[in-house]
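In the working numbering, the protein residues as written are 393 to 703.
From the three backbone atoms N, C-alpha and C, an ideal C-beta is built for every residue, glycine too.
All values derive from a computational prediction rather than experimental measurement.
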(Lines of atoms letter the chains of each structure in order from A; the text may use other names.)
(Lines give C-alpha, C1' and ligand atoms only; values in the text may rest on other atoms or scores of the structure.)
Protein backbone atom coordinates (compact mmCIF):
# COMPACT_ATOMS: atom_id res chain seq x y z
CA UNK A 393 0.00 0.00 0.00
CA UNK A 394 3.02 2.28 0.27
CA UNK A 395 4.22 4.51 3.12
CA UNK A 396 1.31 6.49 4.64
CA UNK A 397 3.67 9.29 5.67
CA UNK A 398 4.81 9.64 2.07
CA UNK A 399 1.17 10.17 1.13
CA UNK A 400 0.91 12.98 3.69
CA UNK A 401 3.82 14.84 2.07
CA UNK A 402 2.57 14.30 -1.48
CA UNK A 403 1.53 17.59 -3.07
CA UNK A 404 -1.76 17.29 -4.98
CA UNK A 405 -2.27 18.54 -8.53
CA UNK A 406 -2.28 22.34 -9.01
CA UNK A 407 -1.97 22.82 -5.24
CA UNK A 408 -0.80 26.45 -5.19
CA UNK A 409 -3.14 27.35 -8.04
CA UNK A 410 -6.15 25.99 -6.13
CA UNK A 411 -5.25 27.98 -3.01
CA UNK A 412 -4.80 31.12 -5.11
CA UNK A 413 -8.19 30.52 -6.73
CA UNK A 414 -10.17 29.87 -3.54
CA UNK A 415 -8.39 32.52 -1.43
CA UNK A 416 -9.11 30.78 1.90
CA UNK A 417 -9.60 33.17 4.84
CA UNK A 418 -10.03 32.91 8.58
CA UNK A 419 -13.63 32.11 9.41
CA UNK A 420 -14.52 30.95 5.90
CA UNK A 421 -16.42 27.80 5.05
CA UNK A 422 -15.15 25.54 2.27
CA UNK A 423 -16.05 22.27 0.56
CA UNK A 424 -13.67 19.74 -0.93
CA UNK A 425 -16.14 17.57 -2.81
CA UNK A 426 -13.51 15.04 -3.92
CA UNK A 427 -11.34 14.71 -0.82
CA UNK A 428 -8.93 12.01 -1.98
CA UNK A 429 -5.94 11.89 0.36
CA UNK A 430 -6.78 15.33 1.75
CA UNK A 431 -3.90 17.31 0.27
CA UNK A 432 -5.95 20.22 -1.04
CA UNK A 433 -8.09 20.15 2.11
CA UNK A 434 -5.03 20.43 4.35
CA UNK A 435 -3.88 23.46 2.38
CA UNK A 436 -7.30 25.13 2.61
CA UNK A 437 -7.53 24.50 6.36
CA UNK A 438 -4.01 25.79 6.94
CA UNK A 439 -4.65 28.95 4.92
CA UNK A 440 -8.00 29.59 6.66
CA UNK A 441 -6.66 29.18 10.22
CA UNK A 442 -7.59 29.61 12.94
CA UNK A 443 -11.34 29.70 12.29
CA UNK A 444 -11.91 28.34 8.80
CA UNK A 445 -13.92 25.14 8.40
CA UNK A 446 -14.06 22.54 5.66
CA UNK A 447 -16.56 19.89 4.62
CA UNK A 448 -14.76 17.02 2.90
CA UNK A 449 -16.67 14.47 0.83
CA UNK A 450 -15.58 11.24 -0.84
CA UNK A 451 -17.43 8.11 -1.96
CA UNK A 452 -14.26 6.05 -1.43
CA UNK A 453 -14.18 4.94 2.21
CA UNK A 454 -10.51 3.94 1.93
CA UNK A 455 -9.55 7.41 0.73
CA UNK A 456 -11.68 8.99 3.44
CA UNK A 457 -9.86 7.02 6.15
CA UNK A 458 -6.47 8.12 4.81
CA UNK A 459 -7.63 11.73 4.60
CA UNK A 460 -8.91 11.56 8.18
CA UNK A 461 -5.40 10.64 9.33
CA UNK A 462 -3.88 13.48 7.36
CA UNK A 463 -6.41 16.02 8.65
CA UNK A 464 -6.39 14.86 12.30
CA UNK A 465 -4.51 18.04 13.28
CA UNK A 466 -7.54 20.09 12.15
CA UNK A 467 -10.01 18.33 14.48
CA UNK A 468 -13.07 20.48 15.01
CA UNK A 469 -12.55 22.33 11.73
CA UNK A 470 -12.59 19.40 9.28
CA UNK A 471 -15.96 17.68 8.79
CA UNK A 472 -15.52 14.51 6.73
CA UNK A 473 -18.39 12.53 5.24
CA UNK A 474 -18.62 9.31 3.20
CA UNK A 475 -20.72 10.90 0.47
CA UNK A 476 -20.78 12.02 -3.14
CA UNK A 477 -20.53 15.70 -3.99
CA UNK A 478 -23.84 15.11 -5.76
CA UNK A 479 -25.32 15.04 -2.24
CA UNK A 480 -23.86 18.42 -1.30
CA UNK A 481 -27.17 20.08 -0.30
CA UNK A 482 -27.94 17.30 2.19
CA UNK A 483 -24.46 17.38 3.74
CA UNK A 484 -24.53 21.18 4.09
CA UNK A 485 -27.96 21.00 5.71
CA UNK A 486 -26.66 18.50 8.28
CA UNK A 487 -23.98 20.99 9.31
CA UNK A 488 -26.43 23.89 9.36
CA UNK A 489 -24.45 25.73 6.68
CA UNK A 490 -26.58 28.02 4.51
CA UNK A 491 -23.75 28.85 2.11
CA UNK A 492 -20.00 28.49 1.68
CA UNK A 493 -17.06 30.61 0.56
CA UNK A 494 -15.43 28.11 -1.80
CA UNK A 495 -15.95 24.72 -3.41
CA UNK A 496 -13.29 22.48 -4.97
CA UNK A 497 -14.00 19.53 -7.26
CA UNK A 498 -10.97 17.50 -8.34
CA UNK A 499 -12.57 15.18 -10.88
CA UNK A 500 -11.58 11.71 -12.00
CA UNK A 501 -9.72 8.94 -10.19
CA UNK A 502 -7.09 9.40 -7.49
CA UNK A 503 -3.57 8.04 -7.16
CA UNK A 504 -4.77 5.85 -4.30
CA UNK A 505 -7.27 4.14 -6.59
CA UNK A 506 -4.96 3.91 -9.58
CA UNK A 507 -1.99 2.50 -7.69
CA UNK A 508 -3.99 -0.30 -6.04
CA UNK A 509 -4.21 -3.14 -8.57
CA UNK A 510 -7.17 -4.68 -6.71
CA UNK A 511 -9.30 -1.62 -7.55
CA UNK A 512 -9.01 -2.45 -11.27
CA UNK A 513 -8.41 1.06 -12.62
CA UNK A 514 -5.03 0.46 -14.27
CA UNK A 515 -4.36 -1.59 -17.39
CA UNK A 516 -0.70 -1.76 -16.37
CA UNK A 517 -1.37 -3.96 -13.34
CA UNK A 518 -3.35 -7.18 -13.18
CA UNK A 519 -6.50 -6.88 -11.13
CA UNK A 520 -10.23 -7.53 -11.29
CA UNK A 521 -12.39 -5.52 -13.69
CA UNK A 522 -13.82 -3.29 -11.00
CA UNK A 523 -13.21 0.51 -11.38
CA UNK A 524 -15.76 1.57 -8.75
CA UNK A 525 -14.99 4.79 -6.87
CA UNK A 526 -17.34 3.50 -4.20
CA UNK A 527 -16.63 -0.21 -3.65
CA UNK A 528 -20.17 -0.55 -2.24
CA UNK A 529 -21.74 0.43 -5.57
CA UNK A 530 -23.42 -2.33 -7.56
CA UNK A 531 -22.10 -1.84 -11.10
CA UNK A 532 -18.54 -2.95 -11.95
CA UNK A 533 -16.48 -2.81 -15.12
CA UNK A 534 -16.87 -6.59 -15.39
CA UNK A 535 -20.64 -6.11 -15.59
CA UNK A 536 -20.27 -3.63 -18.44
CA UNK A 537 -17.69 -5.68 -20.34
CA UNK A 538 -19.40 -9.05 -19.97
CA UNK A 539 -23.13 -8.28 -19.79
CA UNK A 540 -23.83 -5.19 -21.88
CA UNK A 541 -24.78 -5.60 -25.51
CA UNK A 542 -22.32 -4.97 -28.32
CA UNK A 543 -24.19 -1.79 -29.27
CA UNK A 544 -24.16 -0.50 -25.66
CA UNK A 545 -20.44 -1.23 -25.38
CA UNK A 546 -19.72 0.59 -28.63
CA UNK A 547 -21.68 3.61 -27.41
CA UNK A 548 -19.71 3.71 -24.14
CA UNK A 549 -16.35 3.43 -25.88
CA UNK A 550 -17.25 6.05 -28.48
CA UNK A 551 -18.95 8.65 -26.29
CA UNK A 552 -16.92 8.30 -23.08
CA UNK A 553 -13.58 7.26 -24.54
CA UNK A 554 -13.80 9.09 -27.87
CA UNK A 555 -12.61 5.81 -29.39
CA UNK A 556 -12.95 5.99 -33.17
CA UNK A 557 -12.86 2.22 -33.61
CA UNK A 558 -15.50 1.64 -30.94
CA UNK A 559 -17.61 -0.77 -33.02
CA UNK A 560 -14.65 -2.92 -33.98
CA UNK A 561 -13.47 -3.01 -30.39
CA UNK A 562 -16.91 -3.81 -28.97
CA UNK A 563 -17.21 -6.70 -31.42
CA UNK A 564 -13.83 -8.08 -30.30
CA UNK A 565 -14.78 -7.81 -26.63
CA UNK A 566 -18.09 -9.62 -27.12
CA UNK A 567 -16.37 -12.44 -29.01
CA UNK A 568 -13.77 -12.87 -26.25
CA UNK A 569 -16.18 -12.97 -23.33
CA UNK A 570 -15.95 -13.64 -20.46
CA UNK A 571 -13.10 -11.32 -19.48
CA UNK A 572 -12.05 -11.21 -15.83
CA UNK A 573 -8.90 -9.10 -15.39
CA UNK A 574 -7.57 -5.70 -16.41
CA UNK A 575 -4.60 -7.21 -18.23
CA UNK A 576 -6.84 -9.60 -20.17
CA UNK A 577 -8.88 -6.67 -21.41
CA UNK A 578 -5.84 -4.49 -22.12
CA UNK A 579 -4.18 -7.24 -24.16
CA UNK A 580 -7.38 -7.81 -26.12
CA UNK A 581 -7.68 -4.09 -26.91
CA UNK A 582 -4.03 -3.89 -27.97
CA UNK A 583 -4.47 -6.89 -30.27
CA UNK A 584 -7.67 -5.48 -31.77
CA UNK A 585 -6.36 -1.95 -32.33
CA UNK A 586 -2.66 -2.48 -32.88
CA UNK A 587 0.30 -0.99 -31.04
CA UNK A 588 0.78 2.30 -29.23
CA UNK A 589 -0.66 5.46 -30.75
CA UNK A 590 1.79 8.34 -30.47
CA UNK A 591 3.23 6.73 -27.36
CA UNK A 592 -0.18 6.19 -25.73
CA UNK A 593 -1.29 2.65 -24.87
CA UNK A 594 -4.27 1.63 -27.05
CA UNK A 595 -6.29 0.69 -23.93
CA UNK A 596 -6.11 4.18 -22.42
CA UNK A 597 -9.31 5.53 -23.97
CA UNK A 598 -11.31 2.35 -23.35
CA UNK A 599 -10.36 2.17 -19.68
CA UNK A 600 -11.34 5.82 -19.29
CA UNK A 601 -14.68 5.09 -20.95
CA UNK A 602 -15.44 2.11 -18.72
CA UNK A 603 -14.52 4.04 -15.57
CA UNK A 604 -16.81 6.91 -16.55
CA UNK A 605 -19.68 4.52 -17.29
CA UNK A 606 -19.26 2.53 -14.07
CA UNK A 607 -19.25 5.64 -11.88
CA UNK A 608 -21.72 7.78 -13.83
CA UNK A 609 -19.13 10.55 -13.77
CA UNK A 610 -20.51 12.89 -16.41
CA UNK A 611 -24.07 12.67 -15.08
CA UNK A 612 -22.77 13.46 -11.58
CA UNK A 613 -20.93 16.53 -12.84
CA UNK A 614 -23.97 17.83 -14.73
CA UNK A 615 -26.17 17.28 -11.68
CA UNK A 616 -23.74 18.82 -9.21
CA UNK A 617 -22.52 22.04 -10.84
CA UNK A 618 -25.87 23.87 -10.38
CA UNK A 619 -25.97 22.64 -6.77
CA UNK A 620 -22.49 24.02 -6.17
CA UNK A 621 -23.51 27.39 -7.60
CA UNK A 622 -26.55 27.51 -5.30
CA UNK A 623 -24.40 26.65 -2.27
CA UNK A 624 -21.91 29.49 -2.84
CA UNK A 625 -22.35 32.83 -1.12
CA UNK A 626 -22.00 35.96 -3.26
CA UNK A 627 -18.29 36.37 -3.89
CA UNK A 628 -17.64 32.68 -3.23
CA UNK A 629 -15.62 30.71 -5.72
CA UNK A 630 -16.00 27.40 -7.53
CA UNK A 631 -12.77 25.68 -8.62
CA UNK A 632 -12.92 22.54 -10.77
CA UNK A 633 -9.97 20.41 -11.89
CA UNK A 634 -10.65 18.11 -14.86
CA UNK A 635 -8.39 15.61 -16.57
CA UNK A 636 -10.00 14.95 -19.95
CA UNK A 637 -11.94 16.89 -22.54
CA UNK A 638 -15.36 15.45 -21.68
CA UNK A 639 -15.21 16.71 -18.09
CA UNK A 640 -13.64 20.01 -19.05
CA UNK A 641 -16.25 20.64 -21.74
CA UNK A 642 -19.09 20.28 -19.23
CA UNK A 643 -17.41 22.62 -16.75
CA UNK A 644 -16.55 25.17 -19.44
CA UNK A 645 -20.09 25.17 -20.86
CA UNK A 646 -21.65 25.56 -17.42
CA UNK A 647 -19.41 28.43 -16.36
CA UNK A 648 -19.75 30.15 -19.72
CA UNK A 649 -23.53 29.88 -19.73
CA UNK A 650 -23.86 31.11 -16.15
CA UNK A 651 -21.63 34.10 -16.90
CA UNK A 652 -24.04 35.41 -19.57
CA UNK A 653 -27.19 37.48 -19.12
CA UNK A 654 -28.91 35.99 -22.14
CA UNK A 655 -28.74 32.40 -23.32
CA UNK A 656 -31.30 32.66 -26.13
CA UNK A 657 -30.32 31.04 -29.46
CA UNK A 658 -28.01 33.12 -31.63
CA UNK A 659 -29.93 35.20 -34.13
CA UNK A 660 -33.05 35.55 -32.01
CA UNK A 661 -34.12 39.23 -32.38
CA UNK A 662 -34.92 39.80 -28.69
CA UNK A 663 -34.26 38.07 -25.38
CA UNK A 664 -37.07 35.89 -24.04
CA UNK A 665 -35.12 33.67 -21.63
CA UNK A 666 -34.86 36.13 -18.75
CA UNK A 667 -31.57 34.53 -17.72
CA UNK A 668 -29.22 36.63 -15.60
CA UNK A 669 -25.51 36.00 -15.11
CA UNK A 670 -24.76 34.35 -11.78
CA UNK A 671 -21.03 33.68 -12.25
CA UNK A 672 -17.95 35.57 -13.36
CA UNK A 673 -15.21 33.51 -14.99
CA UNK A 674 -11.91 34.32 -13.33
CA UNK A 675 -10.10 33.29 -16.51
CA UNK A 676 -11.51 32.33 -19.90
CA UNK A 677 -8.71 29.80 -20.32
CA UNK A 678 -8.03 26.97 -17.88
CA UNK A 679 -4.99 27.05 -15.60
CA UNK A 680 -2.51 24.33 -16.54
CA UNK A 681 0.28 22.80 -14.43
CA UNK A 682 3.78 24.19 -14.78
CA UNK A 683 6.52 22.28 -16.56
CA UNK A 684 8.13 21.68 -13.17
CA UNK A 685 4.96 20.10 -11.78
CA UNK A 686 4.53 17.84 -14.81
CA UNK A 687 8.16 16.74 -14.46
CA UNK A 688 7.69 15.84 -10.79
CA UNK A 689 4.21 14.38 -11.32
CA UNK A 690 3.55 13.19 -14.90
CA UNK A 691 -0.11 12.46 -14.05
CA UNK A 692 -0.65 16.20 -13.74
CA UNK A 693 0.06 16.81 -17.43
CA UNK A 694 -3.60 16.76 -18.51
CA UNK A 695 -5.01 18.69 -15.52
CA UNK A 696 -7.04 21.84 -16.21
CA UNK A 697 -8.35 24.16 -13.52
CA UNK A 698 -11.34 26.42 -14.18
CA UNK A 699 -12.46 29.00 -11.62
CA UNK A 700 -15.58 31.16 -11.37
CA UNK A 701 -16.90 33.59 -8.77
CA UNK A 702 -20.54 33.93 -7.77
CA UNK A 703 -22.09 37.30 -8.57
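Judged by DSSP in its simplified three-state form, residue 593 adopts coil rather than helix or strand. Annotated three-state conformation of residue 544 is helix, per DSSP. The three-state reading of DSSP puts residue 493 in strand, counting E and B together. Residue 556 has its alpha-carbon roughly 32 Å from the corresponding atom of residue 452. Here the C-alpha atom of residue 655 lies approximately 25 Å from the C-alpha atom of residue 495. Taking 8 Å as the cut-off, the Cβ atoms of residue 580 and residue 571 count as close. Counting C-beta atoms within 10 angstroms of its own C-beta, residue 683 has fewer than 16 neighbours from the protein chains shown and is therefore classed as exposed. When DSSP reads this structure, residue 624 sits in a beta bridge with 492. Taking a cut-off of 8 Å on C-beta distances, the region 402-417 touches the region 617-635, as three or more cross pairs fall below it. Taking 4 residues as the shortest admissible run, the region 438-484 contains the following complete alpha helix (DSSP H) segments, listed from N- to C-terminal end: 453-462. In this model, residue 455 and residue 479 are separated by some 18 Å (Cα to Cα). Judged by beta-carbon spacing, residue 500 lies within the 8 Å limit of residue 635, meaning their Cβ atoms are closer than that value. Contact between residue 421 and residue 445 holds: their C-beta atoms lie close to 5 Å from each other, under 8 Å. The secondary-structure analysis by DSSP pairs residue 422 across a beta bridge with 446 and 494. The continuous stretches of alpha helix (DSSP H) do not include residue 673, which lies in the beta strand (DSSP E) extending over residues 671-673. In the three-state DSSP reduction, residue 697 falls in the strand class (E or B). A direct Cα-Cα distance of roughly 10 Å separates residue 491 from residue 621.
Residue 418 counts as exposed, since fewer than 16 other C-beta atoms from the protein chains shown sit within 10 angstroms of its C-beta.
The beta carbon of residue 696 is closer than 8 Å to those of 633, 634, 635, 640, 678, 679 and 680 in its chain, skipping five residues each way along the sequence. Look at residue 687 here: in three-state DSSP terms it is helix. Residue 698 sits buried, since 16 or more C-beta atoms from the chains shown fall within 10 Å of its C-beta. DSSP lists 520 as the bridge partner or partners of residue 573.
Nearest C-alpha to residue 465 among 404, 449, 625 and 433: 433. Assignment of residue 634 by DSSP, reduced to helix, strand and coil, places it in the strand class. By DSSP's assignment, residue 679 forms a beta bridge with 697. Annotation: residue 676 to residue 569 spans about 46 Å, alpha carbon to alpha carbon. Of all alpha-carbon atoms in 498, 442 and 428, the one lying nearest the alpha-carbon of residue 462 is that of 428. Burial check for residue 609: the Cβ neighbour count within 10 Å reaches 16 or more, so the residue is buried.
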